[in-house]
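Residue 374 in the working numbering sits at position 36 of the sequence shown, and the numbers go up by one each step.
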Amino acid sequence: MSDTPVIGVLALQGDVREHLIALAAADAVARPVRRPEELAEVDGLVIPGGESTTISKLAILFGVMEPLRERVRAGMPVYGTCAGLIMLAEKILDPRSGQETVGGIDMIVRRNAFGRQNESFEAAVAVAGVEGGPVEGVFIRAPWVESVGAEVEVLAEHEGHIVAVRQGNALATSFHPELTGDHRMHGLFVDMVRAVR
């Protein structure tokens, strides 16, 4: 068996191509995933940024929501960025009508917590477990984590708000590391996937 993990990117909406590039740069085989049969062939999955309500509805429409929940419950490594963080939450404050999540991290999140599109910003974020100094975080209509359960490890905060968390094989960030050319967050996730293969 090759040591190179196969990692999917949920390709329903959002910045899929950038994640595929970042994963490849972090020594993974990266594939877009839209359907249950494609999900079955990957060792781990990235849920990208985008619009969490849209991703939720499309995941249900494409029949991938339930198999994804089952794989996450069974321990498949998963990494959510921005909207992906919302998708991994057990609870959303003020969810949109019909919005569902995959779950996997015992956290409550607030959508668009850092403001609207025109209030997007970049910030250096020190992330526990990532060596080499802070990562450059791109925050676009970003959520933050309001609170976490006892099993959740807080990896980073920005201005007093939780912006990166991990629970077991699930990792999530409020920001978009795939937009910076710094692939250390993806490297951390690839290492997580390697550890459970």
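All C-beta atoms, glycine included, are put in the ideal place defined by N, C-alpha and C.
message = For S458, list the residues DSSP reports as bridge partners.
response = Position 120 of the sequence shown, counting from 1, holds the residue named residue 458. In DSSP, S458 forms no bridge with anything.
task = Apply the 10 Å Cβ neighbour rule to R434 and answer buried if 16 or more other Cβ atoms are within range, or exposed otherwise.
result = Taking the first residue of the sequence shown as 1, we reach residue 434 at position 96. The residue in question, R434, is exposed, as its Cβ has fewer than 16 Cβ neighbours within 10 Å.
Terminal residues of the beta strand (DSSP E) in which E484 lies = Mapped onto the sequence shown, residue 484 falls at position 146. Residues 482-486.
key: Option in F400, E408, Q437, I393 with minimal Cα separation from G418   = Within the sequence shown, numbered from 1, the residue matching residue 418 stands at position 80. With distances taken between Cα atoms, G418 lies closest to I393.
ask   = How big is the Cα-Cα spacing for A360 and L377?
value = In the sequence shown, residue 360 corresponds to position 22, counting from 1. In the sequence shown, residue 377 corresponds to position 39, counting from 1. C-alpha separation (whole angstroms): 19 Å.
request  = Measure how close the beta-carbons of V465 and V473 come, nearest whole angstrom, since I'm counting them as under 8 Å.
outcome  = As a first step, residue 465 is located in the sequence shown; it is residue number 127 there, counting from the start. As a first step, residue 473 is located in the sequence shown; it is residue number 135 there, counting from the start. Correct: roughly 6 Å between the Cβ atoms.
ask   = Helix, strand or coil for G418 per DSSP?
value = Against the sequence shown, residue 418 aligns to sequence position 80. In the structure shown, G418 sits in a strand (DSSP, three-state: E or B).
key: Continuous alpha helix (DSSP H) stretch holding V440: start and end   = Against the sequence shown, residue 440 aligns to sequence position 102. Where V440 is concerned, there is no enclosing alpha helix (DSSP H), given that its DSSP letter is neither H nor E.
message = Quick check: the Cα distance between A488 and V344, rounded to an integer number of angstroms?
response = Start at 1 with the first residue of the sequence shown, and residue 488 comes out as number 150. Start at 1 with the first residue of the sequence shown, and residue 344 comes out as number 6. Whole-angstrom Cα-Cα distance: 31 Å.
message = Within the continuous beta strand (DSSP E) that includes L348, where are the two ends?
response = Here residue 348 refers to the residue found at position 10 when the sequence shown is read from its first residue. That run of the beta strand (DSSP E) goes 344-348.
ask   = Assuming L426 and P386 make a contact with CB atoms under 8 Å, what is their CB distance in whole Å?
value = Against the sequence shown, residue 426 aligns to sequence position 88. Against the sequence shown, residue 386 aligns to sequence position 48. Not really, about 12 Å apart at Cβ, beyond 8 Å.
task = Mark S512 as exposed unless 16 or more other C-beta atoms lie within 10 angstroms of its C-beta, in which case mark it buried.
result = Residue numbering aside, residue 512 sits at position 174 when the sequence shown is read from its first letter. Looking at its Cβ environment, which holds 16 or more other Cβ atoms inside 10 Å, S512 is buried.
message = Short of 7 Å in beta carbon distance, which residues of its chain neighbour L396, apart from the five on each side in sequence? Order them along the chain.
response = Taking the first residue of the sequence shown as 1, we reach residue 396 at position 58. For L396, where only same-chain residues beyond five positions count, the Cβ hits under 7 Å are L350, Q351.
query = Going by DSSP, which residues form a beta bridge with F452?
reply = If you number the sequence shown from 1, residue 452 lands on position 114. According to DSSP, which records beta bridges pairwise, F452 is partnered with nothing at all.
ask   = Relative to the alpha-carbon of E404, which residue among V440, K429, D529 has its alpha-carbon at the smallest distance?
value = Translated into positions along the sequence shown, residue 404 becomes position 66. Measuring from the Cα of E404, the nearest candidate turns out to be V440.
task = Run the CB neighbour count on N507, radius 10 Å, all protein chains shown included, and call it buried at 16 or more, exposed below.
result = Taking the first residue of the sequence shown as 1, we reach residue 507 at position 169. Classification of N507: buried, given that the 10 Å Cβ count is 16 or more.
ask   = For R448 versus E491, is the C-beta spacing smaller than 8 Å?
value = Taking the first residue of the sequence shown as position 1, residue 448 is located at position 110. Taking the first residue of the sequence shown as position 1, residue 491 is located at position 153. No, the Cβ-Cβ distance between R448 and E491 is not below 8 Å.
task = Kindly indicate which residue of V380, S390, E428, V416 has the alpha-carbon position closest to the one of Q609.
result = As shown, the chain starts at 339 and ends at 535. That puts residue 609 outside it, with no answer to give.
task = Assign F400 to one of three DSSP states: helix, strand, or coil.
result = Sequence index remark: in the sequence shown, residue 400 carries index 62 (1-based). F400 falls in the coil class under three-state DSSP.
ask   = Would you call the CB atoms of G467 and L526 closer than 8 Å?
value = Translated into the one-based positions of the sequence shown, residue 467 becomes position 129. Translated into the one-based positions of the sequence shown, residue 526 becomes position 188. Their beta carbons are under 8 Å apart, which means G467 touches L526 by this criterion.
ask   = Rounded to a whole number of angstroms, what is the C-alpha to C-alpha distance between E457 and R479?
value = Here residue 457 corresponds to residue number 119 of the sequence shown, with the count starting at 1. Here residue 479 corresponds to residue number 141 of the sequence shown, with the count starting at 1. Rounded to whole angstroms, E457 to R479 spans 7 Å at the Cα level.
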